[in-house]
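Residue numbers (our numbering): -7 to 311. Glycine residues also receive a C-beta, built at the ideal position from the N, C-alpha and C atoms.
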Amino acid sequence: MAVSEVDKTLAQVGPVAQTRSPLHRKPGKYLGEDLIRLMLLICALVSIFTTLGIIWVLIQETFLFFREVSFSEFFLDTRWTPLFASKRFGVWPLVNGTILVAAGAMVIALPLGLLAAIYLSEYASARVRSIFKPALEVLAGVPTVVYGYFALTFVTPILKSMFPQTQAFNAASASIVMGFMILPLVASISEDALSAVPMSLRQAAFGLGATRREVATQVVVPAALSGISAAFILAVSRAIGETMIVAIAAGQQPKLTWNPLESIETMTAYIVQVSLGDTPHQGIAYKTIFAVGMLLFIMTLVMNVASHWITRRYREVYE
């Protein structure tokens, strides 16, 4: 049987096709793309090594701190006076103040942010959404130091007029202003999660006779629960790590109290206080900021990991 011309051609080019990859490129032909790829790799490595460097500094200085202060004194004592003559290193007053302010902020940010997200996703027209959403996100662009002085000079006098026992520096004013500061974060992420729910679910609910309120609260919100939960946890971690508002408006008196009208001190406010430059560089008081910073880092890391886990574990995938 004679060999066809096609078979002869394939036999001739076969070895060449086997030795040359379909993705083969001449050296230097795509030099620009190679340089861009290299620059992107360098940027990624810089961010990674920066994070590792921060963690290494925290671990190293925290280890030096715990060489002088025991774990039991740090985690079991209830007084925090490292800058006084009688030094006590119980971190719980700082943790108490941080949780108190963050909890107060969540009382404001979570319901208002979720309601704003439901309105933008389910009720607002395209024109209203194009105006309302950028206006809401303007709050995220205001410097936190402005929020701090707003809490001190505007919110605190209002609280004093309502509750005369309110101290000049208090947790309530810091919580209220911080709640409005992180409200755009909750609203934006929650609105994205609600908008990602397929329209077919809404149409099916309307077809069964559900009202718009029932569709929003009983269909759309449960379907987007993973994204909403992630938004809540990210907002909590943002509130825990906030610095300037609490440093200006909440005070610098570390104490165990659940009264939001009293002056307290958060972990970030204490770091700001010690970092002003008046504390000896190698003293034990200076090393406390790294121990507090490590604890704050662990708390926010747990929050972010929980947010990612909830998003991946309970995420609804629609076709």
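The region 282 to 293 makes contact with the region 259 to 274: 3 or more CB pairs, one atom from each, lie closer than 8 Å.
Around the beta carbon of G96, 16 or more other beta carbons lie within 10 angstroms, which makes this residue buried. Setting aside the 5 residues that flank it on each side, R194 is surrounded in the same chain by V207, V211, V212, each with a C-beta closer than 7 Å to its C-beta; the list follows chain order.
Secondary structure at W250: coil, using DSSP grouped into helix, strand and coil. Counting every other CB atom within 10 Å of its CB across the protein chains shown gives F67 a total below 16, marking it as exposed.
Here S182 is buried: its Cβ has 16 or more other Cβ atoms, across all protein chains shown, within 10 Å.
When C-alpha distances from P126 are compared across G199, F142, Q244, A109, the shortest belongs to A109. According to the DSSP assignment, H300 belongs to the alpha helix (DSSP H) that extends over 276 to 305. Non-local beta-carbon contacts of A222 in its own chain, meaning distances under 6 Å to residues more than five positions away in sequence, involve S299, I302, T303 in chain order. Residue pairing by DSSP places W72 opposite F81 in a beta bridge.
DSSP, read as helix, strand or coil, puts N162 in coil. Straight across, the Cα-Cα distance linking I237 with P85 is about 18 Å. The C-alpha of V228 lies about 13 Å from the C-alpha of F289.
Take M295, set aside five residues on each side of it, and the residues of its chain with a beta-carbon closer than 8 Å to its own are I225, L226, V228, S229, I232, in chain order. Here A166 is buried: its Cβ has 16 or more other Cβ atoms, across all protein chains shown, within 10 Å.
Less than 8 Å divides the Cβ of A242 from the Cβ of G89.
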